[in-house]
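Asker:
Residue numbers (my numbering): 2 to 320.
#1: Pick helix, strand or coil for residue 50, following the three-state DSSP scheme.
#2: Could you check the C-alpha separation between residue 63 and residue 127 for me, to the nearest Å?
#3: Please work out which residues of its chain come closer than 8 Å, Cβ to Cβ, to residue 323, disregarding the five sequence neighbours upstream and downstream, and give them in chain order.
#4: Specify whether the segment 191-209 and the segment 222-232 touch according to this definition: at least 3 beta carbon pairs, one from each stretch, less than 8 Å apart.
#5: In chain order, which alpha helix (DSSP H) runs of at least 4 residues are fully inside the segment 121-174?
#6: Answer yes if the segment 172-182 comes into contact with the segment 257-265, meaning at least three C-beta pairs across the two stretches below 8 Å, and no otherwise.
#7: From the DSSP secondary-structure annotation, give me the bridge partner or partners of residue 66.
#8: Considering only C-alpha positions, which residue in the set 167, 108, 234, 9 is nearest to residue 200?
#9: With a Cβ-Cβ cutoff of 8 Å, do residue 137 and residue 186 count as a contact?
#10: Output the boundary residues of the alpha helix (DSSP H) element that contains residue 107.
#11: Considering residue 30, what are the terminal residues of the alpha helix (DSSP H) in which it resides?
#12: Could you give the distance in angstroms between the alpha-carbon of residue 172 and the alpha-carbon of residue 120?
#13: Considering only residues of the same chain and omitting the five flanking positions on each side of residue 1, which have a CB-CB separation below 8 Å?
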């Protein structure tokens, strides 16, 4: 080993020693990713094998290769069109209606100058994020149940409707109900990101704009929105990447699994719940892996495409 390499290594060891707490913290994150994100990816091989749970772990290696058999089976399944339609429809509705609301909410909160009221609104808006979807389903049942729901009882008493509306059972109401619940649950949490970006904008820009006669709306349009463009693009790319899973406003799987039933199945069943039922209920783990892999590949493609489009349109991207 040359003298220069020895000196460089010695400096590196000293630097590592000075940053030992940070290095341990980073190592914990790396280990978490390895254990729960990287190593489990080996299970993808099941999508190309005829695996049975009775063969145990050894079966992962000893099962026969079947190639693209399960992919062909999924694409030719009589429910494939319905599953794809439901998944894309729910995700698109969430993207269109739920994505702008956290931005709008963050701007409203930042423009509020009454500090106690501002804190109250901010706290009330992001607290639902900590409520599990199981509890959200319980709340929605108490509010939206056709016969005993508070909202339906109120509508009947006010004479708005003659009988309760089947929000939770009618297939026609499922998509709208899930989108509204997702917005209520997640908008306040995502607004924190945009609030942080707004707080980083130079306040002298607003003062100069006010002196020049710019009103509040013009200041928002010409200063606030351009100032948080980077955050908007980043969140948008991440949302498109998880588009089929629900994007930025919650898991399609949890909502569809909890709120779906035999009555609204035509609009509530999505690719994720279908894969879960195939794997856990019917024990077809190879087939379920293939179905999930299709969704994962589509998500990766969407991330790459959205990043390239964002770079060309706004000049900013995630990578």
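The C-beta atom is built at its ideal place from N, Cα and C for all residues, glycine as well.
Answerer: According to the structure shown:
#1: Along the chain shown, one-based indexing puts residue 50 at 49. Shown here, residue 50 sits in a strand according to DSSP, grouped into three states.
#2: Along the chain shown, read from residue 1 onward, the residue named residue 63 stands at position 62. Along the chain shown, read from residue 1 onward, the residue named residue 127 stands at position 126. Rounded to whole angstroms, the gap between the alpha carbons of residue 63 and residue 127 is 49 Å.
#3: The first residue shown for the chain is 2 and the last is 320, placing residue 323 beyond what the model contains.
#4: Contact holds between the segment 191-209 and the segment 222-232, because three or more Cβ pairs, one in each stretch, are under 8 Å apart.
#5: With a minimum length of 4 residues, the continuous alpha helix (DSSP H) runs that stay inside the segment 121-174 are 134-145, 151-158.
#6: Contact between the segment 257-265 and the segment 172-182 is present, because at least three Cβ pairs lie under 8 Å.
#7: Against the chain shown, residue 66 aligns to sequence position 65. By DSSP's assignment, residue 66 forms a beta bridge with 50.
#8: Here the question's residue 200 lines up with position 199 in the chain shown. Closest by C-alpha distance to residue 200, out of 167, 108, 234, 9, is 108.
#9: As a first step, residue 137 is located in the chain shown; it is residue number 136 there, counting from the start. As a first step, residue 186 is located in the chain shown; it is residue number 185 there, counting from the start. Residue 137 places its beta carbon less than 8 Å from that of residue 186.
#10: Locating residue 107 in the chain shown gives position 106, counting from the first residue. Where residue 107 is concerned, the enclosing alpha helix (DSSP H) stretches over 101-112.
#11: The sequence position of residue 30 within the chain shown is 29, counting from 1. Residue 30 -> alpha helix (DSSP H) spans 21-34.
#12: Along the chain shown, read from residue 1 onward, the residue named residue 172 stands at position 171. Along the chain shown, read from residue 1 onward, the residue named residue 120 stands at position 119. Between residue 172 and residue 120, the C-alpha separation is close to 39 Å.
#13: The displayed coordinates of the chain run from 2 to 320. Any statement about residue 1 would go beyond what the structure contains.
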